[in-house]
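Inspection log for the structure reproduced underneath, given as structure tokens.
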Amino acid sequence: MDYTTLIEILGSTLRLGTPLLLACIAGLYSERAGIFDIGLEGKMLMAAMASGAVAALSGSAWIGLAAGITASLLFAAIHGLASITFRGNQLISGVALNFVASGATILIAQTAFGQGGRTPPLDGAARFQAITLPFAEALSGVPFLGPFYAKVISGQSLLVYLALAIVPATWWLLYRTRFGLRLRAVGENPESVDTAGVSVIRLRYTAVALTGVLCGIAGAYMATSLQAGFGREMTAGRGYIALAALIFAKWRPWQALWATMLFGFLQALALRPDVIEAMSPGSLTIPVSFLDALPYLLTVIVLAGFVGRAIPPRAGGQPYVKER
Amino acid sequence: MEKLPAWADLVLVPLISLALAALISALVVLGIGGDPIEAVSVMVKGALGSAYGWGYTLYYTTSFIFTGLAVTVAYHASQFNIGGEGQAQLGGLGVALVLLAVDWPHWSVALLAASLGAAAFGAAWAAIPAWLQAKRGSHIVITTIMFNYIAAALIVYLLVEVLRPVGQMDPATAHFPASAHLPSFGEIPGLSLVFSKQVPVNVSFFLSIAACFAVWVLLWRTRLGYEIRAFGKSETAAVYAGISPTRVIVVSMLISGALAGLMAVNNVMGESERLLQNASEGAGFIGIAVALMGRNHPLGVFLAALLFGFLYQGGAEMGLWTTIPIELRTLLQGLVILFTGALDTMVRMMLVPLFRAAPMKRIGGAA
Numbered sequence: 002m003d004y005t006t007l008i009e010i011l012g013s014t015l016r017l018g019t020p021l022l023l024a025c026i027a028g029l030y031s032e033r034a035g036i037f038d039i040g041l042e043g044k045m046l047m048a049a050m051a052s053g054a055v056a057a058l059s060g061s062a063w064i065g066l067a068a069g070i071t072a073s074l075l076f077a078a079i080h081g082l083a084s085i086t087f088r089g090n091q092l093i094s095g096v097a098l099n100f101v102a103s104g105a106t107i108l109i110a111q112t113a114f115g116q117g118g119r120t121p122p123l124d125g126a127a128r129f130q131a132i133t134l135p136f137a138e139a140l141s142g143v144p145f146l147g148p149f150y151a152k153v154i155s156g157q158s159l160l161v162y163l164a165l166a167i168v169p170a171t172w173w174l175l176y177r178t179r180f181g182l183r184l185r186a187v188g189e190n191p192e193s194v195d196t197a198g199v200s201v202i203r204l205r206y207t208a209v210a211l212t213g214v215l216c217g218i219a220g221a222y223m224a225t226s227l228q229a230g231f232g233r234e235m236t237a238g239r240g241y242i243a244l245a246a247l248i249f250a251k252w253r254p255w256q257a258l259w260a261t262m263l264f265g266f267l268q269a270l271a272l273r274p275d276v277i278e279a280m281s282p283g284s285l286t287i288p289v290s291f292l293d294a295l296p297y298l299l300t301v302i303v304l305a306g307f308v309g310r311a312i313p314p315r316a317g318g319q320p321y322v323k324e325r
Numbered sequence: 042m043e044k045l046p047a048w049a050d051l052v053l054v055p056l057i058s059l060a061l062a063a064l065i066s067a068l069v070v071l072g073i074g075g076d077p078i079e080a081v082s083v084m085v086k087g088a089l090g091s092a093y094g095w096g097y098t099l100y101y102t103t104s105f106i107f108t109g110l111a112v113t114v115a116y117h118a119s120q121f122n123i124g125g126e127g128q129a130q131l132g133g134l135g136v137a138l139v140l141l142a143v144d145w146p147h148w149s150v151a152l153l154a155a156s157l158g159a160a161a162f163g164a165a166w167a168a169i170p171a172w173l174q175a176k177r178g179s180h181i182v183i184t185t186i187m188f189n190y191i192a193a194a195l196i197v198y199l200l201v202e203v204l205r206p207v208g209q210m211d212p213a214t215a216h217f218p219a220s221a222h223l224p225s226f227g228e229i230p231g232l233s234l235v236f237s238k239q240v241p242v243n244v245s246f247f248l249s250i251a252a253c254f255a256v257w258v259l260l261w262r263t264r265l266g267y268e269i270r271a272f273g274k275s276e277t278a279a280v281y282a283g284i285s286p287t288r289v290i291v292v293s294m295l296i297s298g299a300l301a302g303l304m305a306v307n308n309v310m311g312e313s314e315r316l317l318q319n320a321s322e323g324a325g326f327i328g329i330a331v332a333l334m335g336r337n338h339p340l341g342v343f344l345a346a347l348l349f350g351f352l353y354q355g356g357a358e359m360g361l362w363t364t365i366p367i368e369l370r371t372l373l374q375g376l377v378i379l380f381t382g383a384l385d386t387m388v389r390m391m392l393v394p395l396f397r398a399a400p401m402k403r404i405g406g407a408a
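Chains as they are written, first to last, in my numbering: chain A, 2 to 325; chain B, 42 to 408.
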């Protein structure tokens, strides 16, 4: 693999890693507050459909983004209602909402546009276009770093930069603010938060809402940036890969960035059979299915505790019952 | 919270959950400009109105019984097995390997061997998540989801690179030998009078009913079943009583995986007669809805599987004959899981005032 090919693959790594990163950070807020969320996939899918449809109708990617976030928030609210207010099974709620999303997106898109569950192709202002960063052209001649800046860092859509900015922002929010301390505490020991006079219910709803917003951005990115419009089942298990990345990252923001980019790299590699062919040793070819399965295999290995233990937030999955 | 009478908890709660899911689906149908009454009548006519419709409804029911029982057995050990889909796909691999290995003399021998193959492969696929849960504390929900994806990738690889016959384009195994053909209801003396057209429902329907009975015996009439249920109710109490958590988790998941794998006898051996990509078509996930709806009891699972068989076949007919897309059944399936599994407290809360009001009225009447 020469340097030009590597740059190409790294560029698509960032593109493919972004929805994983957004969904992973989304899951981080929820799970750190003690609410398991298997429904990242469904929220992303709803957001992708809503943003694709609304961007096609309005011609504006921004209005599409707002619609995507709204749709995802609606699902987050149902999940919150089921798991916080009614103290239901959080895992089942997430699974259920994924099926609801899978059915609802196609029903709505098919009724609205009659194109087999797709939304119309987007172009122009209806998509988040690639942004060329300053000096990208001028610096591209610089050996080694120049092409990296021009082809990987520059030329991504606004939502990619937003996703990257969310990583330090989340770190700061979690570890340097009072809200972050409380959020982490409510996922480990909600009784202590309650004793301190802070509402567990409110904190958890806030966390679930943040999850909704971030899944909304992730879905909108899929439909209005990574691709031009919504297609049925377009998230294709990314919500679950994000969940895997979250465990891989042991529920920490910077590690989430590396984990999602690693999984993004595997996805990017799977799209380049020529590179895989060249990389494979001797007559043995690495099958593409192996690359598809690798994120899941890695997660199982991490979960098994062979690469350091992944310990989830202690109160995760348990509804909080206030003492009377 | 106040407790409801047992019968209300067992019968009323699932029925009201189902009614709520149906109500929301009807509103969605109205919202997309369809006619819910027309939709229901097409579904009933398509799934139950003819022997042909029943042939498909019962075919789907068979698959859903197996996957529903799989979720049930794991549930009683307080394990949430979302991996039924992957285990069913691996079961399909087991069936294919067994049936392609030798030329079987008679379908009954082939059925026995294929069942063993399906159960063994399904159980093997559940074994690793079970062991990781029991020994390393890795959350079984996450590992079984991961194993679904790994299974899908593995099957794609095997079908494309290994099992596909030379010269064949589509990723599938060779057809199974004719001697391994399972009699469908149209070929069974007596039943063939009713099922005159070619229908997919086959003898494995009876196998699924036997499995219902076997699971009931296992859970409520054996020592192992008692251990599974005791562990599921309270891990600490079970450990105190000398029940080994590792044993219960691993054994219950092996049985669960075997049941999910057995589904392949119906769809792979009984219907397609070769292994195709994504053969289980989401039946593993429907098992979750079936088990929740059936209140994790084999009889309930049977009834819920029948209901979902109807929804599945009826939904397909609805997709064919009305403007409502077939995906409505996915939505309905999600809503049933949501109401029966996650919002059940809400449904109970709705019912409590009714039961509280009833005796008071009686007292008022007497005075």
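Glycine included, each C-beta is placed from N, C-alpha and C at the ideal position.
CA-to-CA distance, residue j to residue i, given in whole angstroms
i	j	result
M210 of chain B	R315 of chain B	14 Å
A131 of chain A	Y162 of chain A	11 Å
V182 of chain B	Q111 of chain A	32 Å
P212 of chain B	R253 of chain A	41 Å
C216 of chain A	L300 of chain B	35 Å
P314 of chain A	A83 of chain A	20 Å
V240 of chain B	H222 of chain B	14 Å
R403 of chain B	L395 of chain B	In this prediction, R403 of chain B scores a pLDDT of 49, lower than 50, which makes its location untrustworthy; no coordinate-derived value is stated.
I327 of chain B	L344 of chain B	14 Å
P135 of chain A	Q157 of chain A	13 Å
Neighbouring residues, chain A, relative to residue i (Cβ below 7 Å)
i	result
M187 of chain B	A245, Y297, T300 and V301
Q374 of chain B	F100
S275 of chain B	Result: empty, since nearest Cβ-Cβ is about 15 Å, beyond 7 Å.
I191 of chain B	A294, Y297 and L298
Chain-order list of residues whose beta-carbon lies under 7 Å from that of residue i (same chain, five-residue window excluded)
i	result
S52 of chain A	G65, L66, A68, G69, G220, A221, A224 and T225
V342 of chain B	I106, G109, L110, T113, C253, V331, A332 and G335
T364 of chain B	G75
L85 of chain B	The residue asked about is misnamed: residue 85 of chain B is Val in this sequence, not Leu. Result list for V85 of chain B: G355, in chain order.
Where the alpha helix (DSSP H) through residue i begins and ends
i	result
P135 of chain A	No alpha helix (DSSP H) holds P135 of chain A; DSSP gives it neither H nor E.
V201 of chain B	Counting along the chain, V201 of chain B falls outside any alpha helix (DSSP H), and DSSP gives it neither H nor E.
I367 of chain B	No alpha helix (DSSP H) holds I367 of chain B; DSSP gives it neither H nor E.
I154 of chain A	No alpha helix (DSSP H) holds I154 of chain A; DSSP gives it neither H nor E.
H117 of chain B	A92 to H117
A34 of chain A	Careful: A34 of chain A lies outside any alpha helix (DSSP H) and carries neither H nor E.
E79 of chain B	P77 to L89
A57 of chain A	L41 to S59
W145 of chain B	Per DSSP, W145 of chain B belongs to no alpha helix (DSSP H) and is neither H nor E.
Residues of its chain near residue i, where Cβ-Cβ distance is below 6 Å and the 5 sequence neighbours each way are ignored
i	result
I229 of chain B	none
V289 of chain B	A118, E268, I269 and F272
G318 of chain A	F37 and Q91
Residue i vs residue j beta-carbon contact at 7 Å
i	j	result
R128 of chain A	A229 of chain A	yes
Q128 of chain B	A167 of chain B	yes
A320 of chain B	V306 of chain B	no
F351 of chain B	A62 of chain B	no
I36 of chain A	V209 of chain A	yes
V70 of chain B	A60 of chain B	no
G163 of chain B	G132 of chain B	yes
E126 of chain B	G325 of chain B	yes
G382 of chain B	R370 of chain B	no
Partner residues on chain B for residue i, Cβ-Cβ distance less than 7 Å
i	result
F87 of chain A	L384, T386 and M387
L108 of chain A	V69, I73, P366, E368, L369 and L372
Q111 of chain A	P366
V96 of chain A	I123, I329 and I378
N90 of chain A	G382 and A383
Sequence-distant residues of its chain with Cβ nearer than 8 Å to residue i (five each side left out)
i	result
T236 of chain A	P20, E42, M45, L46, A49, G220 and M223
S220 of chain B	D144, W145, P146, H147, W148 and A151
V291 of chain B	A168, A171, W172 and A175
T287 of chain B	A175 and K176
I250 of chain B	I106 and F343
I8 of chain A	P148, F149, K152 and V153
Chain A residues whose Cβ lies nearer than 9 Å to that of residue i
i	result
E322 of chain B	Under the 9 Å cutoff, chain A gives no residues; its nearest Cβ is about 13 Å from E322 of chain B.
V393 of chain B	Chain A residues near V393 of chain B: none, gap ~13 Å exceeds 9 Å.
Per-residue contacts from residue i into chain B (C-beta, under 9 Å)
i	result
P288 of chain A	A194, V197, Y198, V201 and E202
Neighbouring residues, chain B, relative to residue i (Cβ below 8 Å)
i	result
Y30 of chain A	Within chain B, no residue comes near Y30 of chain A; the closest Cβ sits about 18 Å away, beyond 8 Å.
Per-residue contacts from residue i into chain A (C-beta, under 8 Å)
i	result
R177 of chain B	L304, A305 and G306
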